[in-house]
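What follows is a short report on a single structure.
In the numbering used here, the protein residues as written are 131 to 547.
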């Protein structure tokens, strides 16, 4: 299975983007007052502002999740500017719409780096979008801060991963299900790289931990037809469902799940891509009692989170929930600010060199950058959806978990990468 599921049009678009890359590189860029990234791409630091890129799906199937991530990024920029900016310069956010289309993400990343000349870019959600832009950032030696949990088994010298890697979300979720006595899992996911890789990891874990995967199904991203899958789940003899669906497919799945007579009590679902925003969109009546695995919830205690929720709702509405990807995006901008200030420069090489050990008292609790992997230490949490639509923590890891993107600390994962 290819990691990027692209249509014929998408493949042609990707080729066109590569051609555009060569053309833009040949044209060169202004050098006056710019900070070189060492590859020809430059960040424009000549004025009183410095541009940062926001790259999110503002349309298409992933907009249900990504618009609020963009809003959280804007909140962080606003806070930083109110406090004086970065190295005496205010941040100027430039937002681009990836439109839930992976070649479009690559094109927009190219434009942000070479035309807009941003100092760093924050965004992407699906692993397919991240995989699409990864070679663009690596080719230009430009920085991407990626804020969403993902399947691990990846490191890039030009990506900082501020969402959870596998041992900070999927493995703790499996440990929790096992502790609760669930040993027969049905896997349901969207048909692209994250769910397929995550399920490969889940099957390896299950084989080593006395669990059995009794079924595995995928639906195209954006699919609204789940009758067949739900019937197969009902007939499989599973005692829990591990859900890696993304975007608005979750709306159709959980409506069909309830219509099929399945509930959290009869057959619980643990989801790794449904946060507070999706609960609101799907409907609490379809999700009450179901489980989620993240590193942050709106209900996470602490003064930092109280301040974050208050500021977000003041900016976007009292009824607007916060969520893990939003929080990880918000945190990513603050971490980058601290890296730049430690480096004393917007230069990418200097920022990377300054990253190790950078810490931030985040809404989720203290997070610290691991310079070797460019991931962060994060606390794992399992939550349950309540009747009020809020997700309340039912378990946590007791403190930040060191990132292990290649699962080197687990014997059962030795053949995965």
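Just so you know, even glycine gets a beta-carbon here, dropped at the ideal spot from N, CA and C. As the structure is a prediction and not an experimental result, all values here were calculated from the model.
Three-state secondary structure (DSSP) at residue i?
i           : result
residue 273 : coil
residue 255 : coil
residue 373 : strand
residue 492 : strand
residue 436 : helix
residue 511 : strand
residue 333 : helix
residue 141 : With a pLDDT of 31 at residue 141, under the threshold of 50, the predicted position of this residue should be treated as unreliable, and no value is reported.
residue 297 : helix
residue 346 : strand
residue 517 : coil
Taking buried to mean at least 16 other C-beta atoms within 10 Å of its own C-beta, is residue i buried or exposed?
i           : result
residue 198 : buried
residue 79  : Nothing can be reported for residue 79: it is not among the residues displayed for the chain, which extend from 131 to 547.
residue 415 : exposed
residue 500 : buried
residue 253 : buried
residue 287 : exposed
residue 401 : buried
residue 156 : With a pLDDT of only 34 at residue 156, under 50, the local geometry of the prediction cannot be trusted, and no value is derived from it.
residue 213 : exposed
residue 227 : buried
residue 257 : buried
residue 161 : Legend: pLDDT at residue 161 = 31, less than 50; position of this residue unreliable, value from coordinates given subsequently. Exposed, by the Cβ-count rule.
residue 151 : Below a pLDDT of 50, predicted positions are generally treated as unreliable, and residue 151, at 37, falls in that range; the measurement from the model is reported next regardless. It counts as buried.
From the beta carbon of residue i, is the nearest beta carbon of chain D less than 8 Å away?
i           : result
residue 474 : Looking at the structure shown, chain D is missing, and only one protein chain is on hand.
Comparing alpha-carbon positions, which option in the options lies nearest residue i?
i           : options            : result
residue 359 : 389, 348, 368, 367 : 348
residue 208 : 442, 269, 279, 185 : 442
residue 218 : 542, 471, 541, 364 : 471
residue 462 : 282, 203, 412      : 203
residue 283 : 326, 393, 436      : 326
residue 248 : 298, 390, 182      : 182
residue 242 : 374, 172, 546      : 172
residue 318 : 291, 507, 332, 260 : 332
Taking the DSSP output, what are the residues bridged to residue i?
i           : result
residue 401 : 373, 422
residue 210 : None; residue 210 has no bridge partner.
residue 225 : 184
residue 360 : Answer by DSSP bridge pairing: none, since residue 360 is not bridged.
residue 290 : 275
residue 316 : 345, 371
Query - the segment 442-458 contacting the segment 399-416, beta-carbon criterion three pairs below 8 Å - result: yes
Report task. Would you check if there are 3 or more beta carbon pairs closer than 8 Å linking the segment 227-237 to the segment 475-489? Result -> no
Requested in this report: Please confirm if the segment 335-346 is in contact with the segment 357-372, defined as three or more CB-CB distances below 8 Å between the two stretches.
Outcome: yes
Report task. Assess, as a yes-or-no matter, whether the segment 307-326 is touched by the segment 256-270 under the definition of 3 or more beta carbon pairs within less than 8 Å. Result -> yes
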